[in-house]
Amino acid sequence: MKFGWTVMGNLPSTQSNSDETSVNLHPHPPRGFVTKIAKPNRTTTIAAHAAFAAKAKTEARSATHRDIELAKIKLAQTRLESDAKIRAAELESNAKIRAVELESNAKVLESNAKVLVAELESDAKIRSSRAAEVVALAGRRKEALKVKKARIEADVFLQRRR
Numbered sequence: 001m002k003f004g005w006t007v008m009g010n011l012p013s014t015q016s017n018s019d020e021t022s023v024n025l026h027p028h029p030p031r032g033f034v035t036k037i038a039k040p041n042r043t044t045t046i047a048a049h050a051a052f053a054a055k056a057k058t059e060a061r062s063a064t065h066r067d068i069e070l071a072k073i074k075l076a077q078t079r080l081e082s083d084a085k086i087r088a089a090e091l092e093s094n095a096k097i098r099a100v101e102l103e104s105n106a107k108v109l110e111s112n113a114k115v116l117v118a119e120l121e122s123d124a125k126i127r128s129s130r131a132a133e134v135v136a137l138a139g140r141r142k143e144a145l146k147v148k149k150a151r152i153e154a155d156v157f158l159q160r161r162r
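So this is what it looks like as structure tokens:
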């Protein structure tokens, strides 16, 4: 498009073209308005450049802010992942320690059981030995009683004969 030309929009039949106004270009000018493309002058160019620079600066700030927020989110995510890994390692370590403790306790209990079995077997042997002694003593006593009874009977028999 050349500068200085007049662009007419879709005008209803009731409006005329005499409403020419100088407005900025818009991708879709309002219906019924005529947009005049003016030649750019130095002031407009400087203002446009300043507007673009301000817009770019604002967008840069927004982008920087977004980058900072994303970095904060990534840092927090990394911290959470790190904490989760540390916690998992702690739990695994605690589980291994507990397993070793349980194995150690089982070995101690097994050892104690073996000692107790040995003590019980020893006590059983001692009791069995004592029982054998008692039986032997009882047998000897019974024999002694028989001998004593036989002596008494012999004495009685001898006294009767006398």
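Per the UniProt record's numbering, the very first residue in the sequence shown carries number 1; after that it's consecutive.
Where is the CB? At the ideal position from N, CA and C, for every residue including glycine.
Predicted model only: the values in this text are computed from it and were never measured.
Alpha carbon to alpha carbon, how far is residue i from residue j?
i      : j      : result
Arg160 : Glu153 : 10 Å
Glu92  : Glu119 : 40 Å
Glu69  : Ser62  : 10 Å
Lys114 : Lys107 : 10 Å
Leu75  : Ser82  : 10 Å
Lys57  : Asn94  : 54 Å
Arg140 : Lys149 : 14 Å
Thr64  : Lys96  : 47 Å
Arg98  : Leu137 : 57 Å
Val147 : Asp155 : 12 Å
Ala60  : Ala51  : 14 Å
Glu143 : Phe157 : 20 Å
Arg127 : Arg151 : 35 Å
Glu48  : Lys55  : Note that residue 48 is Ala in the sequence shown here, rather than Glu. Answer to the nearest angstrom: the Cα atoms are 10 Å apart.
Val134 : Val100 : 50 Å
Lys72  : Ile86  : 21 Å
Ala132 : Asp123 : 14 Å
Ile46  : Ala53  : 10 Å
Leu145 : Ser104 : 60 Å
Ser129 : Glu90  : 58 Å
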